[in-house]
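Since the structure comes first, as structure tokens, the remarks are kept for the end.
There are 2 protein chains.
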Amino acid sequence: MPQVYQQLVETYQRLEKHYQDMQDIEFTIENKKLWMLQTRNGKRTANAAINIAMDMVDEGLIDDKTAVMRVQPASLDQLLHPMLDPKAKKTLLAKGLPASPGGVCGKAVFSSEEAVEWKEKGHKVILVRIETSPEDIEGMVAAEGILTTRGGMTSHAAVVARGMGKCCVAGCGDIQVDYRLKEFRAQGYVVREGDIVTLDGGTGEVYLGEVKTIQPQLGASFARLMKIADQYRKLKVRTKADTPRDAATAREFGAEGIGLCRTEHMFFGADRIDWIRRMIVAETLEDRKKALDQLLPMQRDDFYQLFQVMEGLPVTIRLLDPPLHEFLPHTDEEAQELAKRMDIPLEELRRKVRSLHEFNPMLGHRGCRLAVTYPEIYQMQARAIAEAAALIVKDGKELVPEIMIPLVGVRQELTMMRELVDAEVKTVQSEKNVKFDYLIGTMIELPRAAMTADEIALDADFFSFGTNDLTQTALGLSRDDAGKFLKTYVSEGIFEKDPFMTIDAQGVGKLVKMGVDLGRQSISDL
Amino acid sequence: MPQVYQQLVETYQRLEKHYQDMQDIEFTIENKKLWMLQTRNGKRTANAAINIAMDMVDEGLIDDKTAVMRVQPASLDQLLHPMLDPKAKKTLLAKGLPASPGGVCGKAVFSSEEAVEWKEKGHKVILVRIETSPEDIEGMVAAEGILTTRGGMTSHAAVVARGMGKCCVAGCGDIQVDYRLKEFRAQGYVVREGDIVTLDGGTGEVYLGEVKTIQPQLGASFARLMKIADQYRKLKVRTKADTPRDAATAREFGAEGIGLCRTEHMFFGADRIDWIRRMIVAETLEDRKKALDQLLPMQRDDFYQLFQVMEGLPVTIRLLDPPLHEFLPHTDEEAQELAKRMDIPLEELRRKVRSLHEFNPMLGHRGCRLAVTYPEIYQMQARAIAEAAALIVKDGKELVPEIMIPLVGVRQELTMMRELVDAEVKTVQSEKNVKFDYLIGTMIELPRAAMTADEIALDADFFSFGTNDLTQTALGLSRDDAGKFLKTYVSEGIFEKDPFMTIDAQGVGKLVKMGVDLGRQSISDL
Chain A
-7 MPQVYQQLVE
3 TYQRLEKHYQ
13 DMQDIEFTIE
23 NKKLWMLQTR
33 NGKRTANAAI
43 NIAMDMVDEG
53 LIDDKTAVMR
63 VQPASLDQLL
73 HPMLDPKAKK
83 TLLAKGLPAS
93 PGGVCGKAVF
103 SSEEAVEWKE
113 KGHKVILVRI
123 ETSPEDIEGM
133 VAAEGILTTR
143 GGMTSHAAVV
153 ARGMGKCCVA
163 GCGDIQVDYR
173 LKEFRAQGYV
183 VREGDIVTLD
193 GGTGEVYLGE
203 VKTIQPQLGA
213 SFARLMKIAD
223 QYRKLKVRTK
233 ADTPRDAATA
243 REFGAEGIGL
253 CRTEHMFFGA
263 DRIDWIRRMI
273 VAETLEDRKK
283 ALDQLLPMQR
293 DDFYQLFQVM
303 EGLPVTIRLL
313 DPPLHEFLPH
323 TDEEAQELAK
333 RMDIPLEELR
343 RKVRSLHEFN
353 PMLGHRGCRL
363 AVTYPEIYQM
373 QARAIAEAAA
383 LIVKDGKELV
393 PEIMIPLVGV
403 RQELTMMREL
413 VDAEVKTVQS
423 EKNVKFDYLI
433 GTMIELPRAA
443 MTADEIALDA
453 DFFSFGTNDL
463 TQTALGLSRD
473 DAGKFLKTYV
483 SEGIFEKDPF
493 MTIDAQGVGK
503 LVKMGVDLGR
513 QSISDL
Chain B
-7 MPQVYQQLVE
3 TYQRLEKHYQ
13 DMQDIEFTIE
23 NKKLWMLQTR
33 NGKRTANAAI
43 NIAMDMVDEG
53 LIDDKTAVMR
63 VQPASLDQLL
73 HPMLDPKAKK
83 TLLAKGLPAS
93 PGGVCGKAVF
103 SSEEAVEWKE
113 KGHKVILVRI
123 ETSPEDIEGM
133 VAAEGILTTR
143 GGMTSHAAVV
153 ARGMGKCCVA
163 GCGDIQVDYR
173 LKEFRAQGYV
183 VREGDIVTLD
193 GGTGEVYLGE
203 VKTIQPQLGA
213 SFARLMKIAD
223 QYRKLKVRTK
233 ADTPRDAATA
243 REFGAEGIGL
253 CRTEHMFFGA
263 DRIDWIRRMI
273 VAETLEDRKK
283 ALDQLLPMQR
293 DDFYQLFQVM
303 EGLPVTIRLL
313 DPPLHEFLPH
323 TDEEAQELAK
333 RMDIPLEELR
343 RKVRSLHEFN
353 PMLGHRGCRL
363 AVTYPEIYQM
373 QARAIAEAAA
383 LIVKDGKELV
393 PEIMIPLVGV
403 RQELTMMREL
413 VDAEVKTVQS
423 EKNVKFDYLI
433 GTMIELPRAA
443 MTADEIALDA
453 DFFSFGTNDL
463 TQTALGLSRD
473 DAGKFLKTYV
483 SEGIFEKDPF
493 MTIDAQGVGK
503 LVKMGVDLGR
513 QSISDL
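So the sequence lines, in the order shown, correspond to chains A and B. With this note's numbering applied, the first sequence corresponds to residues -7 to 518, in that order. With this note's numbering applied, the second sequence corresponds to residues -7 to 518, in that order.
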């Protein structure tokens, strides 16, 4: 080997040792003299990053802790979902929000019914919608991936898809969907029903035709890295799960409990949505209670199954949170069908839809405000939780359900809700002749709640922080609308990053800190 | 006089002296013995309250300062607007929000065009609308009073009516309006176009037919009381005014400046609204600038007149704040007319309206966010202010315009806007060869702004606090939607009072205090 090559190898080894990482170097050799031009840490796929990190531990170059830091957390998505082959030829149609990761191909369909039909005929489908609503759940289940043209990272489509672990590109405004013609247009291309498209949920990209995908492989190095991470981590990780199926999936991935079970998602099933609607349309307390009585056994069963899957791990259940109009039909066609099914005059249903309309639903009649006006809703939910817990206890198992009251802004709201839940749980305990402990807490998700957390803590067994809503209110920024100008805000350097992706430490973080400090001032073990 | 009556008079005098106020007593005389049952401060009308207070000062019973406290501030509305005769017979139709005080009668009309027509024919009219929009301004001017079935204390109708000093009952949900039949229904009555109704803007009550009104009288006692109040008050009072006419009215009532001039209201005039719409619909910077060029001389003229009326008193001008869709037509009919007037395809206009739709406009693309994406809008406004100021200076007068940047949440926004405004004002100063001082400040109206006021202050010459928006965001409560459940919140004691009427001192007040303290930490003379 000529001397200069010997020099190169030695230099590389010195650099690698110095930077303690694989180096990507540029050099030139001129008149047999080696010139180093640049060195930087080499780029790598997630799998390569893990293998390199483990190799370097084995070679004694870095320690365990450093190895964990060498792997980008976001890159692990590559290992958990199918990915598009980076070498495949692609025709980019549009770019939306990377709402739920994974790479999938399928035939475009434009309604949930068609998604189900095509799937039954053995086709893989991509469900393309302007936005999704509870009616679309079956279609979302049937589809490989979901593409919407409206809505942000926490729109219905995005949230439900992530819960299902299903690929989703949301808020893809570059695409014009025409439901009537069953087609969408982008970049001059027309994609008709049955045409194949490919989604990359990790980047938000939409491609024309089929793009080859790579199936994920979790090797031995991955398991080893995770074990090391477990040794050093200080945080416990609970999952967000609304169904026993999601909860079971999360437990397989090591979730140590359910941090947030959103009960509204339990009402979106085909067998239930009409009952919650009857409850909403009801004009009298009696009729509302009748509808709630139908929902009670279903909710109880939901919770019982969830408790069974979680086997004593903590489960935090949030009582109904969204504004009621979210459950009602959005189009006139749906309203007509519903009125027929419910056997009520269409005009009556329309009037109800109109009367529930809100200018700013995010700041409207939702969260515990629903139960301040309609206590019977939370009463039913508290009863369902208590009856499910009683069944678990009778099965000879243990559990401590955690009941979360959403959107508290004023202590009196929590005081009132606590009384209501306590009364219902105690009634069930005496009816069933069982005892179990339970916690009642709240989600701190309004600036006022954070700022008066010392007061609110007096009625809370636990706090949870809802940083999505806290970001929306502290910054006065609707996550569903901000998409239009957030890009400019990031490119102009006003926000370093999208505050819905990475928390705004200076503003929202300060509120969270205030909430924690004030809360612990009142209740030291909070 | 029998001894017992003598006793009664003496007791009354002792009580009046003790309580230092007119007493309403209950007593009984049994077996010639006097029994006092109860005494309390006597109720009185505003006029009586003022007269009693002045008399008691003259009698040496109370001092000046106490006299001022004896008159309920809210009761003064009785003296400033016509009132319904409390003794008149009335048929109550419905109760809405007391959006703007005064008692007025007139013939019901259901559109702005009809309000103008009927008025021209010499009729007094009440404009009845589900809600009002910028298109309704002419009709509102023509009407004696305005009645809406939707919207809160700060809805378009309520805000504009208060600006005009015109009676308004808003959000009167008990009334069903049918535009097609030109009628409304309430309590089983049908009120058709031309039927007379009476509004009490001080209580929110709507009556069938004509109710006698009492014209206000401001007597000598009133003037004397106001003079005493001026001696003791610590606060200065500026008006909210968007037009020279409103500003002149406010000056007559003693306003010491304009605290908030909302420039968007200047765009609602019939001669302007289409230009701002052209600006919004424009797809290129060039077309946007063309439309803004048309608005520039009108804005300059607005400011020039405003400065003239205010004669050197401080004027704070807030740059454009509302989301742009507020300027676009709300119904398909209006859209058709507008498309024709603007000579653009209806579908193009519809697409624009759709693309500007927001789920939560309150938290959307508004305030300085508009100028982050479209700097040319604030550039035009800064130029209009500077050119108007230059004219005033050339008239040989003085002024210091105060330019307010709305909805700042992050310091960088203000930094950017400050540079933009500074550059434009300096250009005008050099073009016109005049110099004048000016201030650039912001409205603290987002929790994040209050919490990071130390940062924001570094770019601000003044702070103003926007407690309406601060209440909406801190409490997560849309003022336009909260009407439905706020009543329950007040009756259940969760809120002592409607937080949009009386500030929530514990939550919003804490934010304001934090904003002031942090701001002064950075800039001591803020």
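Yeah, the Cβ is synthetic: ideal placement off N, Cα and C, and Gly gets one too. Treat the numbers as computed from the prediction; the structure is a model and nothing was measured.
Here DSSP, grouped into helix, strand and coil, assigns glycine 468 of chain B to coil. Close CB contacts of glutamine 64 of chain B within its chain, under the 8 angstroms cut and outside five residues either way in sequence, are with Ala38 and Ala41 (chain order). Annotation for threonine 463 of chain A: Leu469, Arg471, Pro491, Phe492, Ile495, Asp496 and Val500 place their beta carbon closer than 8 angstroms to its own, counting only its chain and skipping 5 residues before and after. In the DSSP annotation of this structure, the continuous segment of the beta strand (DSSP E) that includes proline 90 of chain B starts and ends at 89 to 92.
Residue state for asparagine 43 of chain A is assigned as helix, using DSSP reduced to three classes.
Taken in chain order, the complete beta strand (DSSP E) segments of 3 residues or longer contained in the region 179 to 227 of chain A are 181 to 184, 188 to 192 and 197 to 200.
Selection A/Ser456, A/Arg440, A/Val426 and A/Ala441 evaluated against isoleucine 432 of chain A yields A/Ser456 as nearest (Cα-Cα).
Per the Cβ contact rule, the region 359 to 375 of chain B is not in contact with the region 319 to 334 of chain B (fewer than 3 Cβ pairs under 8 angstroms). Listed in chain order, the positions of the region 470 to 491 of chain B with a beta carbon within less than 9 angstroms of a beta carbon of chain A are Ser470, Arg471, Asp472, Asp473, Ala474, Lys476, Phe477, Thr480, Tyr481, Glu484, Gly485, Ile486 and Phe487.
Runs of beta strand (DSSP E) with 3 or more residues, each lying fully within the region 387 to 453 of chain B, are found at 394 to 397 and 431 to 436, listed in chain order. Alanine 327 of chain A is a Cβ neighbour of leucine 338 of chain A, given a cutoff of 8 angstroms. Residue state for serine 104 of chain B is assigned as helix, using DSSP reduced to three classes.
Listed along chain B, the residues sitting closer than 9 angstroms to alanine 466 of chain A by beta-carbon distance are Gly401, Leu438, Pro439, Arg440, Met443, Thr465 and Ala466. Residue burial is scored here from C-beta neighbours: aspartate 166 of chain B has fewer than 16 other C-beta atoms within 10 angstroms and is therefore classed as exposed. A check of alpha carbon separations from valine 198 of chain B across B/Asp16, B/Val189 and B/Lys174 identifies B/Val189 as the nearest.
When the Cα atoms are used, lysine 111 of chain A and valine 96 of chain A turn out to be separated by approximately 15 angstroms. For arginine 184 of chain B, the number of other beta carbons within 10 angstroms of its own is below 16, and it is reported as exposed.
Between lysine 99 of chain A and lysine 116 of chain A, the CB-CB gap stays under 8 angstroms. Three or more beta-carbon pairs drawn from the region 389 to 399 of chain B and the region 418 to 436 of chain B are found closer than 8 angstroms, and the two stretches are therefore classed as touching. Counting other Cβ atoms within 10 Å of its Cβ, leucine 355 of chain A reaches 16 or more and is therefore classed as buried.
Straight-line measurement puts the Cα of histidine 357 of chain A at about 7 angstroms from the Cα of alanine 474 of chain B. Contact annotation: leucine 7 of chain A and phenylalanine 19 of chain A have beta-carbon atoms that are not nearer than 8 angstroms.
Using a Cβ-Cβ distance cut-off of 8 angstroms, the region 300 to 317 of chain B and the region 343 to 350 of chain B are in contact, since at least three pairs of beta carbons, one from each stretch, lie closer than that value.
Secondary-structure assignment with DSSP links lysine 502 of chain A through no beta bridge to anything. Contact of glycine 507 of chain B with chain A is not assigned, every C-beta pair being separated by 8 angstroms or more. Per DSSP, leucine 316 of chain B has no beta bridge partner at all. Rounded to whole angstroms, the gap between the alpha carbons of arginine 237 of chain A and proline 208 of chain A is 21 angstroms. Between glutamate 340 of chain A and arginine 403 of chain A a beta carbon distance of about 38 angstroms is seen, past the 8 angstroms cut, so the two are scored as non-contacting.
The continuous beta strand (DSSP E) containing glycine 137 of chain A extends over residues 137 to 140. Taking all protein chains shown into account, glycine 249 of chain A has 16 or more neighbouring C-beta atoms within 10 Å of its C-beta and is therefore buried.
A distance below 8 angstroms separates the beta carbons of valine 426 of chain A and lysine 386 of chain A. For arginine 254 of chain B, the secondary structure class from DSSP, reduced to helix, strand or coil, is strand. Of the other Cβ atoms in all chains shown, 16 or more fall within 10 Å of the Cβ of valine 49 of chain A; this residue is therefore buried. Taking all protein chains shown into account, phenylalanine 487 of chain A has 16 or more neighbouring C-beta atoms within 10 Å of its C-beta and is therefore buried. The alpha carbon of valine 420 of chain A has as its nearest neighbour, out of A/Met372, A/Leu277 and A/Ala445, the alpha carbon of A/Met372.
In the displayed model, methionine 14 of chain A falls within coil according to three-state DSSP, outside both helix and strand.
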